[in-house]
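The listed protein sequences derive, respectively, from chains A, B, C and D.
Read in the numbering used here, the first sequence has 72 at position 64, and its numbers run on one by one without any break.
Read in the numbering used here, the second sequence has 168 at position 160, and its numbers run on one by one without any break.
Read in the numbering used here, the third sequence has 168 at position 175, and its numbers run on one by one without any break.
Read in the numbering used here, the fourth sequence has 108 at position 115, and its numbers run on one by one without any break.
Cβ coordinates follow ideal geometry from the N, Cα and C atoms, glycine included.
Keep in mind it's a predicted model, so treat the numbers as computed, not measured.
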Amino acid sequence: MSNYTKKEMMALAAGRLVRNGDVLFAGTGLSMLAATVAKRVHAPDATVFFETGGIDPSLEELPLAVADPRVMVGTAMNSGLIEAFSILGHRRLRSIAFLGAAQIDPYGNINSTVLGGYPKPKVRFPGSGGACDAASLAHAVIIFMQHERRRFVEQLDYLTSPGWLQGGDSRQRAGFKRGGPLAVVTNLGIMKFEEETKRMYLAEVYPGVAPEQVAENTGFEVDISRAVVAQDPGEDELYTLREKVDPQRLILG
Amino acid sequence: MSNYTKKEMMALAAGRLVRNGDVLFAGTGLSMLAATVAKRVHAPDATVFFETGGIDPSLEELPLAVADPRVMVGTAMNSGLIEAFSILGHRRLRSIAFLGAAQIDPYGNINSTVLGGYPKPKVRFPGSGGACDAASLAHAVIIFMQHERRRFVEQLDYLTSPGWLQGGDSRQRAGFKRGGPLAVVTNLGIMKFEEETKRMYLAEVYPGVAPEQVAENTGFEVDISRAVVAQDPGEDELYTLREKVDPQRLILG
Amino acid sequence: MGEDNTLTDKIMTAAQAVERFIPDGAQIALGGFTVTRNPMAIAREIIRAGRKDLYLVCHSHGQAMDLLIGAGCVSRLEIAYGGTGRFAPTCIRFRQAVQKGTLKIEDYSNYQMSLRFLAGAMGLPFMATKSGLETDLVRKQGFDPAERGQGKVPSKKLAIVENPFNGPGDRVILLPALTPDVALLHAQYVGEDGTVRIKGLGFADLEQARAADRVIVTCEDIVPREFIRLDPDQNSLPPFLVDAVVPLKWGAHPTACHYYYDYDPRHLKLYGDMAPSDDGFREYLEKWVLEPESHEDYLDRIGVKDLLRIKADPVLGYAKGLDRR
Amino acid sequence: MGEDNTLTDKIMTAAQAVERFIPDGAQIALGGFTVTRNPMAIAREIIRAGRKDLYLVCHSHGQAMDLLIGAGCVSRLEIAYGGTGRFAPTCIRFRQAVQKGTLKIEDYSNYQMSLRFLAGAMGLPFMATKSGLETDLVRKQGFDPAERGQGKVPSKKLAIVENPFNGPGDRVILLPALTPDVALLHAQYVGEDGTVRIKGLGFADLEQARAADRVIVTCEDIVPREFIRLDPDQNSLPPFLVDAVVPLKWGAHPTACHYYYDYDPRHLKLYGDMAPSDDGFREYLEKWVLEPESHEDYLDRIGVKDLLRIKADPVLGYAKGLDRR
C-alpha cells in the first residue's frame, strides 16, 4: 500500500510537467492543485492565473471555482475574461493549461459537452467553458482523466476542444500555430503523444499499476511497450500538497 | 461693434445645438468651449467626454488637449480609447461630436490630413485622430471652420472624415447606420444641410454679417436665400463662457 | 459638471426594473460567473413576475441561470459553460432541460462568447479568432435553421473565412456580435451620480453592459458622489449606460460578492440536494422564491447566523476559514 | 505565491533597455497621448544610441514621436494624429518630414489604430469596423506596394469585405492586427514584483503592451509588493508581460504624468520655438538630448524652479493654476 492517494499522485505528476516561469491556466479541482503545488515546490516563478481574470493570487485558501473570491486576493491584477484569454494565447508566453474532460480520443481531442446527440443529448456536461480556447491557443495542454474504457474512446460524441486532431501535422494544417496536448494524467499513469503520429501512448505507470491495466481501461489500441514506472511522490511534495495547498482536503477528499 | 468676439459667438452658437442629455465628444479648442458652455448653460444633464477615455470630468480648469490631465479629474470614469470610441458609437446614445478641419466640401465631408498629394503632400496636418471615427459613428457631428474660399472647396484634397458623402442617401447606402454633419459653425454664420440633397446651405448669419459675405468666402455655390440672423449671445451665456469656462482665455484668446 | 446627474429617475425596486425593462422574450446577458456576483435577486423577481421565453446569452454561468431555467422562464440559450464548481459540476436544471430537449441551445466557448460581447460593446459586426477551428462548436448547430435571423437569433452561428492578410488556406472563425436587450449585473457600489464600481474580477460584465440596450444594476450600497469620483480609475460604468439601479443588500446571495460576502456553501448544497427532483425543485422555488414577501423576507429565511457565517473578512474580501465542504 | 517574483533581472537603465530590446529597424508602439505620459526619457536615450530606421506605430502622438522623427531615427510610421494641442497643432518635425517625403507614412484613424492594437493584444488576426468607409483613409495607400508583407509591414493596409451575417452589400473594413516588436510606456508605479499601475487615463497603452513582443516600462516610483497587491483591481499589467523596468523620476517630462507633474508649458513652447528651423532643432537636440550626461543632468538643466512649477497638486493630479498661456 502506498502512503498517498491516486488524486495526490495525479496532482503531483501533472505538476512535475510544469517548468519554472510557465504561465499556468488553472481550472477547478485537480488542475488547481497541480498548478499550485508546482509553483510551491519547484517552479516558484510560475504564475497561476484563471480564465475569470485573476492573475497570480496568493491562494492562501483553495478556490473551489475559477470565480471564487479566493482567486481575486493578493493578485498581481484583477481583470476579466478578455484579458485572461489574451494571456492564455499570448505568443511570447509558455502558457500551460490544465483541463478535464468526459471523453478523450487517441489524438488527445476532448469532449466536455455531451454524450449522445447534439443538441438533445443523452447526457449533458457543463460545456467548453474556456477549455476549447485553452486547447486552441495555449502553448501546451495537460489533461486529467479517469482511466475508463468509456472515457478513452476511438470516436468522441462531441469534439469540444482540439488536441492533435487527426494526428501527424493535422493540427498545424488546421491553422493552429502552436499548442496541443502534452500529456494525459490519469488515475493509472501518464499518457503522452508520439512525436510523429501524435497518437497517445503510455509513458509512465504509477507504482503498483501494471501497464496492461492501462490497456484494459483504454477504449482504443494503445502502445504500452515504452511505459516506465513513475517516481513516487517525495515527502516534500506530499507535505506541500497536504499542508499548504489543500489542508482542508476540499479537493483531495 | 458687438460686445463679443467671433470665437465667443462660434462656441455659443455650436453649444446651442446641444440638447440636454446628449453625450458630447469634445476635442481641443473651440469644441471644448462649445461642449462645456452648453452643459453649464442649458444642458446640465449632457455629458462631456474625450476620445482619450475621460468621461464627464469636472473641468475646473480648461484642458488644452484631449490628453490633458484636466480631463482625468472628477470624472465618472477614467478609461481609454477603446471605451471612448465604444461610447461614441453606442447605438442607444445621442452622441454629438465637435470637429475642426482644414477643408470641407458641399456635403460636409472634411479633410484634416493633407493639402496636395498623398503621401507626400504640400502641407501636412495632424491627421484624422478620432475625427474619422466620430464622423462615421456618432449620432451627429458639428464642424467648426474658418470661413475662407480655400477651405470651403468643391473637391477635397483628401477625404479624412465622412459627411453626407455625395449627398442624398449616399451615406446610408455606404453602410453608415446613422450620423452625418448637423451644422458647420464658422466665423460668419451657421451652415446646415438640405433635408433631401444633403447639400450645404446658409442657415444663419451672425449679427452684422451679410449673407453675400458668406457666398464670397465659400469656394462652391451655396444657397444663402434662407439665411436668418443668429441670436446675439445672451448675458448669461457670455458670463458663463468667460468667467466659468475659460477665465484664463486660453482658447478664447 | 454633472452636478445635476442624479439617480432620481433610475433608482427603483427589482419589481419595477423587471416590469419596465424585461418583457417576455427578452434577450438577457447575465452578469457574474458561476458562484460570484450572480444577479440573484433580479432572477428571483423575474420568476415571480412569471416571465417566459427569455433568451439567455452567457459565458460561464451558474446559479441564476439554473434557477431561471428550472422555473421555466427560459426557452433559448447561448452558452459556454453551465456549472457551479463542486456544488454542481453541471448545472442541475440546465442539464435536465437540455436532456429533455425543452431548451433551444447553442454552444460556444468562453473566449468566443466574451469576444461576441466585446464586439457588441465596441459596435463591431463580428470578431475573428482561431479558437475552436475543427471542433464541434464550429461544426454543430443547436438552433433550427428556420429560426436563423429571426429576432436576436444570429443569421449564422458563425462563419469560417480566409484571412485576407495571409496566404490562402489561413482560415479564421468569424463570430457575430451580441447586443442583448438587457444586461443584468450586481455591483458593490453605485454612486449617487449613477456611476458603477465593481470590486474584484469584472468577468465580462462590463462588455455585456456596454453591449446591451438596457442595463439593470443591483448593488450593495449607494455611495456619495464625492466618494465614487475621488478615484475614477477604479470605476466600471458611466451613469449614462445605466437604466435602473436597484439597491439590494446581499443581492447576489447565495453567490459571492467580493468584500461583502462569500458564496453560501450551505445554501448551495441545499439547492444541490433539492434541485435534481422536480418536486424538490418546486419546493425550493416555493420556499426561496415565491413565498418570500420581499428580499428582506428571503434574507430572514436564510437567517442571520448563515449571513454572518459568510460575511467577508474586510481585508481578504472572502469569509476566512469558512467551512466549504 | 509569487514571493519569488522580483524585479532583479528586469530593473535596468534606459541605456541598457535600449541596447537590449531596441535594435535598428524595430517596430515600436509609443505609449501616452500627445502631451501626457510620453516615454520621453527612453526616446532621448534612443536618439543618443543613434538608432535608425525605426518603425513607429501610433494612434495620437506628440512630443516623443516628434523628437524621434526630428532626430532621424524613424523611417516608417503608421499614425492617426501628430500634434500636441495648442503647443503644436501639427507636430513640427513630423510635418516637415512628411512634406519632404523622408518618412514612409500610412494614415489610419484613432479607433482603427486602437482596434489594431487590441487585435494584437487578444491574438486576433484582424478587427472589423465601419469606421472610415468611403474615406481616403481607406482609398489611399502610403506605403509602396513592393514593401507590402515585408517585415512588419501588413500585406494590405486593410481589406473591405461583405459582412457574412448581413445581407449582401453590407461592407465592413478589416484592419490587420498590430504586434509591435517593442512597446514603450511610462507608468506612475511599478511594484517590487514587476506589476505595473498607471494612474489616470490609460489611452491605448495596455493594448499596446499586451500586443508587443517586448515591453519597456519607465516609472516614477518602485513601490512595495504589499502596496501594489493590496488592491489589484487598480493594476494595469502583470509582471510577466514586462521585460524592462527603468525607474526614472520625471521620465515623461516635458509631457505630463498624472498625480506627479503637469506638462511643462515653458519647455513645450521652447521646443515649439526652436524646432521649426533645422538649426534650431539641432540646437535643441544638443542641449536637451545629446549633451546631458544623465537623466538627472537633463532635469538640472530644466531647473528646480520649473520642475516645482509643474508639480502636481496631490488631490487634483495636475498643477493647479499653472500658467499655460
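In the DSSP assignment, Ile215 of chain D falls within the beta strand (DSSP E) that extends over Arg207 to Val216. Each of A:Ala42, A:Asp244, A:Thr36 and A:Leu38 was checked against the Cα of Asp30 of chain A, and the nearest Cα belongs to A:Ala42. Taking CB atoms only, Gly116 of chain D has a neighbour in chain C less than 9 Å away.
The stretch 75 to 87 of chain A makes contact with the stretch 187 to 206 of chain C, as at least three CB pairs between them are under 8 Å. For Pro232 of chain C, the neighbours in chain B by C-beta distance under 7 Å run, in chain order, Ala84. According to DSSP, Ser148 of chain C shares a beta bridge with no other residue. Under the Cβ distance rule, His98 of chain A counts among the residues neighbouring chain D, one pair being separated by less than 9 Å. With fewer than 16 other beta carbons inside 10 angstroms of its own, Ser10 of chain B counts as exposed. Fewer than three beta-carbon pairs drawn from the stretch 181 to 196 of chain B and the stretch 132 to 140 of chain B are found closer than 8 Å, and the two stretches are therefore not classed as touching. For Thr194 of chain A, the secondary structure class from DSSP, reduced to helix, strand or coil, is strand. At a beta-carbon threshold of 9 Å, none of the residues of chain C lie near Val74 of chain B; the nearest stands roughly 16 Å away. As the crow flies, the alpha-carbon of Glu204 of chain A is around 36 Å from that of Ser53 of chain C. Per DSSP, the beta-bridge partners of Met208 of chain B are B:Phe201.
At a C-beta separation below 8 Å, Val213 of chain A has no neighbours in chain D, since its nearest C-beta there lies roughly 31 Å away. Counting along the chain, Phe57 of chain A sits inside the beta strand (DSSP E) bounded by residues Thr55 to Phe57. If you compare the alpha carbons of C:Tyr264, C:Met33, C:Ile40 and C:Asp2 with that of Asp17 of chain C, the shortest gap goes to C:Ile40.
Nearest neighbour of Asp137 of chain D by Cα position, chosen from D:Leu70, D:Thr122 and D:Gly75, turns out to be D:Leu70. Cβ-Cβ separation between Leu126 of chain C and Leu168 of chain C: approximately 12 Å, too far for a contact (criterion under 8 Å). For His179 of chain C, the enclosing beta strand (DSSP E) has its first and last residue at Val175 to Gly184. Not a single C-beta of chain D is nearer than 9 Å to the C-beta of Pro307 of chain C.
Excluding the 5 residues flanking it on each side, Ala110 of chain B has same chain C-beta neighbours closer than 6 Å at Asn119, Ser120 and Phe133, in chain order. Contact between Gly78 of chain C and Asp198 of chain C is ruled out by a C-beta separation of about 19 Å, above the 8 Å threshold. A check of alpha carbon separations from Gly310 of chain C across A:Leu32, A:Leu20, A:Thr36 and A:Glu68 identifies A:Glu68 as the nearest. If you draw a straight line from the Cα of Pro147 of chain D to the Cα of Asn195 of chain B, it is about 43 Å long.
Interface criterion not met: the Cβ of Thr168 of chain B is under 9 Å from no Cβ in chain C.
Its Cα nearest to that of Gly183 of chain B, the residue D:Gly160 stands out among D:Gly160, D:Leu171 and D:Gly144. Under the three-state reduction of DSSP, Gln20 of chain D is assigned to strand. Beta-bridge analysis with DSSP links Gly187 of chain C to no other residue. The contact set of Asp254 of chain B on chain C, defined by CB atoms closer than 9 Å, is empty, because the minimum CB distance reaches about 14 Å. Ranked by how close their Cα comes to the Cα of Gly116 of chain A, the residues A:Ala92, A:Arg78, A:Val192 and A:Leu70 have A:Val192 in first place. Residue range Ser103 to Gly108 is occupied by the beta strand (DSSP E) that includes Ala105 of chain A. Along the stretch 117 to 163 of chain C, the alpha helix (DSSP H) occurs as fully enclosed runs of 4 or more residues at 129 to 132, listed in sequence order. Ranked by Cα distance from Arg158 of chain A, the options A:His98, A:Ser144, A:Phe228 and A:Pro170 are led by A:Phe228.
With a cutoff of 9 Å on beta-carbon distance, Ile4 of chain D and Val239 of chain D are scored as near each other. With 16 or more neighbouring CB atoms inside 10 Å of its own CB, Arg44 of chain D falls in the buried class.
Chain-order list of chain B residues neighbouring Asp272 of chain C: empty, with the shortest C-beta distance near 44 Å, by a criterion of under 7 Å.
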